[in-house]
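Structure first, commentary second.
Residue numbers (this note's numbering): 1 to 265.
See below:
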């Protein structure tokens, strides 16, 4: 299997529409992330280990209030589908994450310079294929020939580089994830604490509403001259409900009395 120079391997065969170099602010961060990817040495294992340790330490203490364009691109499905092109656009352009994702969604998958040159030398129809066909041809050749064209190696290396750009979740994201997990658990299990409490609350509200409704019904019955159990009659003949009737009715309901068995004439 050909072991190409990494800098050569991760070049891109297709020109991007935005060709200006990254700004100083973005370039510093990107070059730190890509130092092991685009350097001149093939054996950069020492640099990679050192970079990984530094990034691991940063991830453990970082609490970003918002995410960088690199993170927003790295976690996207568009970047996962075309990682080499995602790396290229992040490194060589100042496009926003949304514009980069739009480009990745619209453009065919990019090939590295190495893969492009390799296939051009071995496929007489190469120059007649469009970019989408070239990506499929390169994938097919890689699958049947031990990835000697470097197609999968480039994708894997670019995917690892994108993974290093993923930042820790913000507090809002952590809380949102916890809430999503809670909802999934509640949907799957009727006996979670949330569901048990929800049923208890529903029963409480029902009993409260039923107690008030029953008391209103009793008042209407009394207005027709009917005395109910526990009522009193004044000298004037007015029928008076017992003190705390609503509370008493609710207590009976809470104790398990059926609403149909509530006080009637």
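Where a beta carbon is used, it is the ideal one built from N, C-alpha and C, also for glycine.
Could you compute how far the alpha carbon of residue i sits from the alpha carbon of residue j?
| i | j | result |
| --- | --- | --- |
| residue 2 | residue 153 | Unreliable positioning characterises residue 2 in this predicted model, as indicated by a pLDDT of 44, which lies under 50. The coordinate reading is nonetheless provided below. If you take the alpha carbons of residue 2 and residue 153, they lie about 11 angstroms apart. |
| residue 216 | residue 201 | 23 angstroms |
| residue 121 | residue 181 | 52 angstroms |
| residue 241 | residue 225 | 12 angstroms |
| residue 116 | residue 157 | 17 angstroms |
| residue 135 | residue 163 | 23 angstroms |
| residue 59 | residue 185 | Residue placement at residue 59 cannot be trusted, given a pLDDT of 40 that sits under 50; the coordinates are not used to answer. |
| residue 97 | residue 72 | 6 angstroms |
| residue 91 | residue 99 | 14 angstroms |
| residue 159 | residue 188 | 34 angstroms |
| residue 106 | residue 74 | 17 angstroms |
| residue 250 | residue 69 | 58 angstroms |
| residue 64 | residue 76 | Confidence in residue 64 is poor, its pLDDT being 41 and thus under 50, which makes the residue's placement unreliable; the coordinate value appears in the next sentence. Distance between the alpha carbons of residue 64 and residue 76 is about 18 angstroms. |
| residue 205 | residue 245 | 17 angstroms |
| residue 95 | residue 123 | 34 angstroms |
| residue 239 | residue 178 | 56 angstroms |
| residue 236 | residue 211 | 28 angstroms |
Does residue i come out as helix, strand or coil in the three-state DSSP assignment?
| i | result |
| --- | --- |
| residue 84 | helix |
| residue 75 | coil |
| residue 257 | coil |
| residue 133 | helix |
| residue 228 | coil |
| residue 145 | coil |
| residue 245 | helix |
| residue 109 | coil |
| residue 127 | helix |
Using DSSP bridges, identify the partner residues of residue i.
| i | result |
| --- | --- |
| residue 239 | 233 |
Where does the unbroken alpha helix (DSSP H) through residue i begin, and where does it stop?
| i | result |
| --- | --- |
| residue 201 | 193-223 |
| residue 115 | 113-122 |
| residue 179 | 171-188 |
| residue 266 | Nothing about residue 266 can be read from this structure; the chain reaches only from 1 to 265. |
| residue 96 | It is not in any alpha helix (DSSP H) - residue 96 carries neither H nor E in the DSSP assignment. |
9 angstroms is my cut-off, CB to CB: does residue i come that close to chain B?
| i | result |
| --- | --- |
| residue 210 | Reference to chain B is not applicable here, since this structure consists of a single protein chain. |
With residue i and residue j assumed to form a contact (beta carbons below 8 angstroms), what rounded beta-carbon distance in angstroms separates them?
| i | j | result |
| --- | --- | --- |
| residue 228 | residue 222 | 7 angstroms |
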